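Numbering (my numbering), first residue to last: 7 to 418. In this text, a Cβ means the ideal position worked out from N, Cα and C, and glycines have one as well. The structure displayed is predicted, hence computed values, not measured ones. The block underneath contains the structure these notes are about, expressed in structure tokens.
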């Protein structure tokens, strides 16, 4: 059967998009070169962060900028060769991370992330994926009392403004809750509302299985072959060309390459990241973000997953896993990380925009083409709610929230 919609990209964003459309009665073909959830969505920290109502701003603190410039930390790295091509989008990123403009962006961004748990919940239930999910939050841990005090004040502000819940923990309380810690820390902010997933790629696969149960199809193909065909769109797959009246570009960090072929120049860039699993020691009970050092430790099926911050580089540049090496040294001072599972760290890329918000809506100059990408660090978190918003627009339904702030037309 000829599909109504082609969805290009089988990560969390694309898979949720296809699923939300199928739940509304559309015939959908989900197209990717690999199985669902094997790229960016596989490699994240597995958190559904409903408390993450403010996007990561570009650092403004001179001391931190100096540390980044000299590559002294585990949280940020960059390739000097990539800086010329990244200067324009990073310039917009910096400008949009300040003052009233950032506060407005955060309000719009938070409309999505604050609904992440409530929108994932029914999909997790329908997909039979409750065995993958914990519902007891995660902890931001702090090494110094001053930084902990600042974080508690900020958490109290977010609690007042948007109703997120947290618990401030002393060093003693943290040590009791996390007996694997080998070192006494100042304390923690325990965000209690987020959910954590023991295998992020597996959750995407469960959603993809649900898509098939609801009448959708999954096809291996070359998304870059997308072209206009008659009154619709065509893509080449392992079964030959597949056509549909509408197509959705949900290719994460590869989206820019495809839309450039169609003449679009949006301020997009990637932040690469690394992870590695470790077995053999006692890991943290809950996911733990070492806030002052910029890495995350998460208990998962394959062991303790250690994930890094951002690396600014070309998408396909060779790996430079200096951050994971630094994070490993830091993490081993806190817990036992004896045996790495992978021979080499895994690498992925987060798709980002110059104004910190995702792109969700119709392509300005191509009827039947839709854009759905640019979620930065929170594609896994926002997948369900963002896909619902796109599906509601495509179906002509009343939207859960106003889609205007996320439309691609804002860049034109």
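Contact under 9 Å by Cβ, residue 424 with residue 360 = Nothing can be reported for residue 424, as the shown portion of the chain is limited to 7 through 418.
From the DSSP output, in three-state form, read off residue 281 for me.
-> Position 275 of the chain shown, counted from the first residue, corresponds to residue 281. Residue 281 falls in the strand class under three-state DSSP.
Between the stretch 371 to 387 and the stretch 78 to 89, do three or more beta carbon pairs fall short of 8 Å?
-> no
Outcome for residue 150 when other beta-carbon atoms lying within 10 angstroms are tallied against a minimum of 16 = Numbered from 1 along the chain shown, position 144 holds the residue referred to as residue 150. Counting Cβ neighbours within 10 Å, residue 150 comes out exposed, since fewer than 16 surround it.
C-alpha distance - residue 100 paired with residue 272, whole-angstrom precision = For the purposes of this step, residue 100 is taken as residue 94 along the chain shown, with counting starting at 1. For the purposes of this step, residue 272 is taken as residue 266 along the chain shown, with counting starting at 1. Their Cα atoms are separated by approximately 16 Å.
Exposed unless 16 or more other CB atoms sit within 10 angstroms - verdict on residue 275 = Taking the first residue of the chain shown as 1, we reach residue 275 at position 269. Label assigned to residue 275: buried.
For my contact list, residue 340 and residue 189 are in at a C-beta cut-off of 8 Å; report their separation, rounded to the angstrom.
-> What you label residue 340 is simply residue 334 of the chain shown in a count that begins at 1. What you label residue 189 is simply residue 183 of the chain shown in a count that begins at 1. Indeed, because the Cβ distance is near 6 Å, the residues count as touching under 8 Å.
Could you name the residues that DSSP lists as bridge partners for residue 306?
-> On the chain shown, position 300 is the one that residue 306 refers to. DSSP, once it has assigned bridges, lists 309 as partnering residue 306.
If I'm right that residue 284 touches residue 309 with Cβ under 8 Å, what's the distance once you round it to whole angstroms?
-> As a first step, residue 284 must be located in the chain shown, where it is residue number 278. As a first step, residue 309 must be located in the chain shown, where it is residue number 303. Confirmed, about 5 Å.
For the candidate residues 71, 152, 17, 410, whose alpha-carbon lies nearest to that of residue 206?
-> Here the question's residue 206 lines up with position 200 in the chain shown. Nearest C-alpha to residue 206: 17.
Would you kindly report the start and end of the unbroken alpha helix (DSSP H) that includes residue 159?
-> Working through the chain shown from its first residue, we reach residue 159 at position 153. Looking at the DSSP string, the run of the alpha helix (DSSP H) that includes residue 159 is 151 to 168.
Taking the C-alpha atoms as reference points, what is the distance between residue 305 and residue 145?
-> One-based indexing of the chain shown puts residue 305 at position 299. One-based indexing of the chain shown puts residue 145 at position 139. Going by the C-alpha atoms only, they are around 12 Å apart.
Out of 219, 363, 243, state which residue places its alpha-carbon closest to the alpha-carbon of residue 225.
-> As a first step, residue 225 must be located in the chain shown, where it is residue number 219. Taking only the C-alpha atoms, the option nearest residue 225 is 243.
Closer than 6 Å by C-beta to residue 231: which residues in its own chain qualify, once you throw out the five before and the five after it? Chain order, please.
-> Here residue 231 refers to the residue found at position 225 when the chain shown is read from its first residue. By the criterion of a C-beta distance shorter than 6 Å, residue 231 is surrounded in its chain by 241, 242, once the five residues flanking it on both sides are discounted.
Closest Cα partner of residue 329 within the set 277, 307, 374, 371 = Locating residue 329 in the chain shown gives position 323, counting from the first residue. Proximity to residue 329 across 277, 307, 374, 371 peaks at 277, based on C-alpha coordinates.
In angstroms with no decimal places, state the Cα-to-Cα distance between residue 185 and residue 138.
-> The count along the chain shown starts at 1 and reaches residue 185 at position 179. The count along the chain shown starts at 1 and reaches residue 138 at position 132. Taking the straight line from one Cα to the other gives about 23 Å.
Going by other Cβ atoms of all chains shown within 10 Å of its Cβ, with 16 needed for buried, is residue 55 buried or exposed?
-> Indexing the chain shown from 1 puts residue 55 at position 49. That one is buried.
Start-to-end residues for the beta strand (DSSP E) that takes in residue 36 = Taking the first residue of the chain shown as position 1, residue 36 is located at position 30. Counting along the chain, the beta strand (DSSP E) containing residue 36 begins and ends at 34 to 38.
Does the distance from the CB of residue 391 to the CB of residue 377 come in under 9 Å?
-> The residue given as residue 391 occupies position 385 in the chain shown. The residue given as residue 377 occupies position 371 in the chain shown. No, they are not a contact pair.
Taking the C-alpha atoms as reference points, what is the distance between residue 322 and residue 159?
-> As a first step, residue 322 is located in the chain shown; it is residue number 316 there, counting from the start. As a first step, residue 159 is located in the chain shown; it is residue number 153 there, counting from the start. Cα-Cα distance, rounded: 40 Å.
Flag this pair as touching only if the stretch 332 to 346 and the stretch 116 to 128 have three or more C-beta atom pairs under 8 Å; answer yes or no.
-> no
Taking the alpha carbon of residue 126 as the point to measure from, which residue in 52, 165, 281, 409 has its own alpha carbon closest?
-> The count along the chain shown starts at 1 and reaches residue 126 at position 120. That would be 52, whose Cα lies nearest to the Cα of residue 126.
Own chain, CB closer than 6 Å to residue 164, minus 5 neighbours either side, in chain order | To locate residue 164, count along the chain shown from 1; it is residue 158. Around residue 164: 170.
Taking the beta strand (DSSP E) that residue 378 falls in, what are its first and last residues?
-> Here residue 378 refers to the residue found at position 372 when the chain shown is read from its first residue. Start and end: 375 to 379.
Per-residue burial, residue 356 [other beta carbons within 10 Å of its own, 16 or more giving buried] | Here residue 356 is taken as the residue at index 350 of the chain shown, counted from 1. So residue 356 ends up on the buried side.
Who pairs with residue 19 in a beta bridge, going by DSSP?
-> For the purposes of this step, residue 19 is taken as residue 13 along the chain shown, with counting starting at 1. For residue 19, which the question treats as bridged, DSSP gives no partner whatsoever.
Sequence-distant residues of the same chain with beta carbon closer than 8 Å to residue 211, five excluded per side | The count along the chain shown starts at 1 and reaches residue 211 at position 205. For residue 211, where only same-chain residues beyond five positions count, the Cβ hits under 8 Å are 41, 42, 43.
List the residues that DSSP assigns as beta-bridge partners of residue 193.
-> Taking the chain shown and counting its residues from 1, the one referred to as residue 193 is at position 187. Answer by DSSP bridge pairing, in chain order: 148, 176.
Residue 259 by DSSP, collapsed to three states: which one?
-> In the chain shown, the residue the question calls residue 259 occupies position 253. Residue state, collapsed to three classes: helix.
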